[in-house]
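Encoded as C-alpha cells, the structure appears first; notes follow it.
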Amino acid sequence: MVVDARNNAPHYLRESASQTAGPYVHIGLAPGAAGFKIFDNELGWDIAGPNAKGQRIRVEGCVIDGTGSPVKDVLIEVWQANADGTYVRHEEGGARVEEGFRGWGRVITDFETGEWGFDTIKPGKVNARAKMASGVAGKVRDTHPDWQGRADENHAPMAPHLNLWIVARGINIGLNTRMYFDDEAEANATDPVLNLIEWENRRATLIAKHSGDRDGMPVYRFDIRLQGDNETVFFDV
Amino acid sequence: MHPAEYYQRDRRIHPPALTPDYKTSVARSPRLALISLQGSVSETTGPVFGHGDLNPIDNDLIKNYAKDGDPVGERIIVHGRVLDENARPVPNTLVEIWQANAGGRYRHKKDTYLAPIDPNFGGCGRTITDADGHYFFRTVKPGAYPWRNWVNNWRPAHIHVSVFGHAFCQRLITQLYFEGDPLIPHCPIVQTIPDPDAIDRLTAKLDLNATVPLDSIAYRFDIVLRGRRSTMFENRMEGN
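The listed protein sequences correspond, in order, to chains A and B. Residues in the first sequence are numbered consecutively from 1, following UniProt numbering. Residues in the second sequence are numbered consecutively from 1, following UniProt numbering.
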C-alpha cells in the first residue's frame, strides 16, 4: 500500500479495466487453432497430466447466445482441484498434487459448430468457507479454509466442481461460472455455493449431465446459456 | 496457512456486460444479475506457470515468427509491471499478448481484411514477470483495422493482453492502446468502459527513457490486478 504524502491516507491503485478478448483471441491463446504454429509448447491442452489420480472424464458443451445460436469463437478456461480436492498453488513451497497435474486448461470452440470439449479427471470435494457452510452468522467466523483444511462442522465441503471462465467477442469482462456433476446429487444438495443461489430453478443451470460413456470415460454435457431462457448462473467472484 | 483473500472487484471500473454500441455484446450479455460469491479456495488459487513452459524468444515478436527477415513496421518495446491494488509487484505470473501486424491484419484464418499478412510476423508473444513484476515484449506497432459494427468503425491500434495473477479471481484480459491515438474516443469497444480515467490507464505512454536509440521506440504499460486483503482479525496476525 502506498501512503499519500499529502494526507497520510492509504492510496490504492485501481484494477486495470477489462476489455473483450475479441474475435482473434485464438492467435494469442491458442495459435494452433488460428492456423499457425509459433510456440513449441502451446499451453492449456493437458489439465490433469498422465499421473493424475481419479476418474478420467470428458466434458463437452456449447455456449449459446441470446438468439439461441452457438457462439463459435469462445475460449473457456478451466480451474480445478485434483481427485483429493487439492489445488495447485503459488505459495508454500510448491504443489502437493501429483507431478504433472496442472489443474488448469483452456479450450476453444469449433469454428463451424461451436462445440467444445476437454479431457480431465473428476475433482474431489473442496472445503468451503465456514459461514457459508453453517449459516450461523455471528457465531461461526467466516474463515477461509486452509490449503489442506479438513471438513468438520464449520467447514462443510463443496461438491465436486470445475471453475470455468468464459471470454469471447462481445463479452466485455470474462464470465465466471461453475460446473457441477449430476451424479453427485447428494453433495450438490448441500453445496454452499449452489445453495447461495436464491432461485432454486437456476441451480440446475450449473449441473452437467452424464450423457453416456466414450472410450471408457464418462462424458458430461454442459451447455452454457449466456442470456435468456435458462440463462446460466454467472458469479461475481 | 490460508490462501490470500482479495478485494472486491469494483465493477464500475469495468465495462458492463450490455453495451449496445458494441453490437456483439447485445446477444452475449447475461440479463440476470451476477451472484456474488465470497472467495473460497476455488477462487483464491490459480495456475502456476514456469520458465519451462516458455522459450526465451517467446516475448520477441520481431523474431519469434521470422522466416526470412524481420517484420515490417514501427519497431517498439512494450514494457511495464504487473502490480496489485496495493502497488505490490505480482511476480512469476504469465502475461500473454496478441495483435495485428503493422497494416492491421491478423494472422487468423477468420480475418479477411485486404491488408496483407506479413510473412515474418505471427503476432503473439508471452512472458513471465520477474521478481519485481516487470515484463517486456519487443514487437511492431499494430495498425488500426476496420470491423463490422457500424459501417465505418475502426479499432485504434491495440495489443490484447492476458494476465493471470496468482488467483483465478484475478484473471484479466484487456487491451493496450497507444498514447495520442485519435481513434480511441471513437471506438465503441474502448467506450464500453464508463470511466475516462480507466481508459487512460489502458493507454500505454511513450517512454523515451526505455527507447533503444536508432533501434526501437518504447511504451510503458503497467497492469493492475486485484489486491490481496489482510485478515488480521482472524488467525492470520501476520497479515499478508
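Glycine included, every Cβ here is placed at the ideal spot set by N, Cα and C.
Going by DSSP, what residue range makes up the beta strand (DSSP E) through residue i?
i: P203(B); result: One point to set straight first is that residue 203(B) is Thr, not Pro, in the sequence displayed. Run containing T203(B): 203-206, per the beta strand (DSSP E) assignment.
i: L162(A); result: 161-167
i: V140(B); result: 134-140
i: T127(B); result: 124-128
i: I171(A); result: From DSSP, I171(A) is part of no beta strand (DSSP E); its letter is neither H nor E.
i: E60(A); result: 56-64
i: W104(A); result: 104-108
i: Q99(B); result: 94-99
i: F101(A); result: From DSSP, F101(A) is part of no beta strand (DSSP E); its letter is neither H nor E.
i: E13(B); result: According to the sequence as given, residue 13(B) is Ile; it is not Glu. Premise fails: I13(B) is in no beta strand (DSSP E) and is neither H nor E.
i: D119(A); result: 115-121
i: I57(B); result: Here I57(B) belongs to no beta strand (DSSP E), and DSSP marks it neither H nor E.
i: L75(A); result: 75-79
i: N153(B); result: 153-155
i: Y220(A); result: 217-221
i: P146(B); result: 145-147
Excluding sequence positions up to five away, which residues of its chain have a Cβ less than 7 Å from the Cβ of residue i?
i: V41(B); result: P3
i: G228(A); result: G66
i: G138(A); result: Any answer about G138(A) is weak, because its pLDDT of 42 lies below 50 and its placement is not dependable; what the coordinates show is given next. Excluding residues within five positions, none has a Cβ falling inside 7 Å.
i: Y135(B); result: H79, G80, V82, V95, T127, T129
i: Y87(A); result: A81, G103
i: K63(B); result: I57
i: N230(A); result: T205
i: N92(B); result: I128, T129
i: D222(B); result: G80, R81, L83
What are the residues that DSSP puts in a beta bridge with residue i?
i: residue 291(A); result: The structure shown does not extend to residue 291(A), since chain A is modelled only from 1 to 237, so the question has no answer here.
i: L172(B); result: V163(B)
i: D84(B); result: L225(B)
i: R14(A); result: According to DSSP, which records beta bridges pairwise, R14(A) is partnered with nothing at all.
i: F39(A); result: According to DSSP, which records beta bridges pairwise, F39(A) is partnered with nothing at all.
If you check the beta carbons only, do residue i and residue j fall under 9 Å apart?
i: A81(A); j: G103(A); result: yes
i: F39(A); j: D58(B); result: yes
i: Y219(B); j: H14(B); result: no
i: D46(A); j: K72(A); result: no
i: W54(A); j: P157(A); result: Reading the sequence as shown, one finds Gly at residue 54(A) and not Trp. No.
i: A34(A); j: G44(A); result: no
i: K110(B); j: P70(A); result: no
i: S25(B); j: I171(A); result: yes
i: H158(B); j: Q175(B); result: yes
i: residue 243(B); j: R138(B); result: Outside the shown range of chain B, which is 1 to 240, sits residue 243(B), and nothing can be said about it.
i: N120(B); j: K67(B); result: yes
i: P71(B); j: V140(B); result: yes
i: D196(A); j: T177(A); result: Note on identity: in this sequence residue 196(A) is Leu, with Asp being the wrong assignment. Not closer than 9 Å, so no.
i: N51(A); j: E98(A); result: yes
i: I128(B); j: G39(B); result: no
i: L75(A); j: I121(A); result: no
i: N152(B); j: P188(B); result: no
i: G227(B); j: E85(B); result: yes
i: G143(B); j: A115(B); result: yes
i: A21(A); j: V167(A); result: yes
i: S36(B); j: D236(A); result: yes
i: P30(B); j: L226(A); result: yes
i: R28(B); j: R221(A); result: no
i: L162(A); j: V59(A); result: yes
What residue range does the alpha helix (DSSP H) around residue i cover?
i: L29(A); result: 25-29
i: V41(B); result: 41-44
i: E200(A); result: 200-203
i: A218(B); result: From DSSP, A218(B) is part of no alpha helix (DSSP H) but of the beta strand (DSSP E) over 217-220.
i: V26(B); result: 24-27
Please work out which residues of its chain come closer than 8 Å, Cβ to Cβ, to residue i, disregarding the five sequence neighbours upstream and downstream, and give them in chain order.
i: D195(B); result: R12, I13
i: L194(A); result: A159, Y180, N188, R203, L206
i: V136(A); result: Its pLDDT being 43, under 50, V136(A) is placed unreliably by the model, and the measurement read from it follows with that caveat. Within the same chain, V136(A) has no close Cβ partners at all.
i: R171(B); result: G46, V163, F164, G165
i: A83(A); result: A52, K53, G54, Q55, I121, K122, P123, G124
Here's a check: name, in chain order, each residue in its chain whose Cβ is nearer than 6 Å to the Cβ of residue i, leaving out the five neighbours to either side.
i: C62(A); result: P70, G114, E115, D223
i: I193(B); result: P15, I199
i: I173(B); result: S162
i: I217(B); result: I76, T211
i: I27(A); result: A34
i: E42(A); result: G32
i: L175(A); result: I166, F234
i: E77(A); result: R106, W165
i: D21(B); result: P188
Tell me, please, whether the region 42-53 of chain B touches the region 163-173 of chain B by the rule of three or more beta-carbon pairs shorter than 8 Å.
-> Enough Cβ pairs lie closer than 8 Å, so yes.
With contact counted as at least three CB pairs below 8 Å, one residue from each stretch, are the region 194-201 of chain B and the region 9-19 of chain A in contact?
-> Using a C-beta cut-off of 8 Å, the region 194-201 of chain B makes contact with the region 9-19 of chain A, since at least three inter-stretch Cβ pairs fall below that distance.
Flag this pair as touching only if the region 176-192 of chain A and the region 200-215 of chain A have three or more C-beta atom pairs under 8 Å; answer yes or no.
-> Yes, they touch.
Can you find at least 3 beta carbon pairs, one from the region 105-119 of chain B and one from the region 51-65 of chain A, that sit closer than 8 Å?
-> In short, these stretches do not touch, since the Cβ pair count stays below three.
Report yes or no: do the region 122-140 of chain B and the region 89-103 of chain B share at least 3 C-beta pairs separated by less than 8 Å?
-> A contact is defined here as three or more CB-CB pairs under 8 Å, and the region 122-140 of chain B meets this definition with respect to the region 89-103 of chain B.
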